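Going by my numbering, the sequence shown opens with residue -15, and the numbers climb by one from there.
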Amino acid sequence: MSLYKIHPIVMGTKIFDKGMMTYQHDYGKTYTIPIYCWYLEGGDKKIIVDTGEMSPIQSEDREKAIGGKIYKFEEGLGLWGLSPEDIDIVIHTHLHNDHCENDYKCENATFFVHQNELKRIHDPHPLDFRYLEDYILEVEESGQIELVSEDQEILPGISVIHTPIHTDGGLTVLIETSQGKAAITGFCVIMENFYPPKEIKAMEMDVIPPGTHVNTYESYDIMLKIKEMADILLPLHEPKFASVEEIP
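Below you can see the structure in the form of structure tokens.
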């Protein structure tokens, strides 16, 4: 089995109310999140998780807020000697636009997407404005999408599990590393969601569901499961990884 190194690459940001991350907590606070593409180095395939924004805002203010540099897709892959055409596999945590805007550039890749997520992007609920099917039509029409219907191994050392927390078809990616099992969450959270502050722990809450979710109670339970199974937690929008080149 291959052991992998994980390289978080910032390929976008969002500025919004922190409550979008932390359900029932810290509403009214302005918060900046990084949007990552994760390069999984190891084995003989070039693998990334999500593709980020097509035209990220690259500003000193935003880079200061997240503590790291923001890259365009080609720039970010270039850090590791890669181009979009080199990518063999893209694993999608979900298909909200900021996670799939560069899909069309990966013309040689196979895209792993949960079947519920593909259904949802073509028929989004009115409450969820973050889906835009235009970003995946090209790879869908070219037959590059491989649907995931259950928890499965993608390659030795890399597997996905269905975690319908933030979206119906969220996939958490489990990666074997030299320091144990890492989990890139299939839902939009920060580290505080897994390790709440004292005032939240005092209410006997061990995790905080994301501010946008499919079902609050189920989200809580699934998050506990992920927290228990992972040696290394990689919340999808945690700012501290913006300055990290390699995990572990």
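Think of the CB as a built atom: it goes at the ideal place given N, C-alpha and C, for glycine as much as any other residue. Computed from a predicted structure; not experimentally measured.
When the options are compared against residue i, the one with the closest alpha-carbon
i      : options                  : result
D152   : I206, P180, Y179 and I32 : I206
S227   : S(-14), H(-9) and M(-15) : H(-9)
K(-11) : K182, T196, I216 and D10 : I216
T6     : Q163, H150, P68 and N100 : H150
A30    : T94, T161 and Y20        : Correcting the residue identity first, residue 30 is Lys in this sequence and not Ala. Comparing Cα positions, the closest option is T94.
K103   : D87, Y88, H80 and N86    : H80
Y88    : L(-13), I120 and G12     : I120
M4     : G65, Q136, E176 and K182 : E176
L220   : Q8, F178, E183 and I129  : F178
P18    : D28, H83 and S67         : H83
E124   : S39, C90 and P108        : C90
K165   : Q99, L218 and N100       : L218
F57    : D70, G51 and I50         : D70
L155   : G170, Q163, T161 and S39 : G170
Where residue i sits in the DSSP three-state scheme
i      : result
G3     : helix
P223   : helix
L(-13) : coil
L158   : strand
M37    : For clarity, residue 37 is Glu in the given sequence; the question names Met instead. Reduced to three states, the DSSP call for E37 is coil.
E25    : strand
G170   : coil
G60    : helix
I32    : strand
K(-2)  : strand
I(-7)  : strand
I145   : strand
K165   : strand
I54    : coil
Presumed contact (8 Å Cβ cut-off) between residue i and residue j, rounded CB distance
i    : j      : result
V144 : I73    : Not really, about 11 Å apart at Cβ, beyond 8 Å.
T77  : I168   : 7 Å
K211 : V198   : So it is not a contact: roughly 18 Å between Cβ atoms.
Y20  : V(-6)  : 6 Å
P232 : M(-15) : Actually they are not in contact, since the Cβ atoms of P232 and M(-15) sit about 16 Å apart, beyond 8 Å.
P193 : C172   : 11 Å between Cβ atoms; not a contact.
F96  : I159   : In fact, because the Cβ distance is near 14 Å, the residues do not count as touching under 8 Å.
I32  : T14    : Contact doesn't hold; Cβ gap of about 30 Å is too wide.
I142 : V157   : 7 Å
G65  : E37    : About 22 Å; that fails the 8 Å criterion.
Residue environment, residue i, which counts as buried when at least 16 other CB atoms sit within 10 Å
i    : result
L111 : exposed
G127 : exposed
A214 : buried
A186 : exposed
I54  : buried
T147 : buried
L63  : exposed
N92  : exposed
E47  : buried
I105 : buried
E229 : exposed
Y115 : buried
E44  : exposed
I41  : exposed
E85  : buried
L208 : exposed
P223 : buried
P68  : buried
F113 : exposed
T200 : exposed
### Query
Which full runs of the beta strand (DSSP E) of 3+ residues lie inside the region 174 to 220, going along the chain?
Taking only runs of at least 3 residues, the beta strand (DSSP E) segments lying wholly in the region 174 to 220 are 216 to 218.
### Task
Output the residue ranges of the beta strand (DSSP E) runs that lie fully inside the region 65 to 142 and measure 3 residues or longer, sorted by chain position.
The region 65 to 142 contains these whole beta strand (DSSP E) runs: 73 to 75, 94 to 98, 129 to 132 and 136 to 139.
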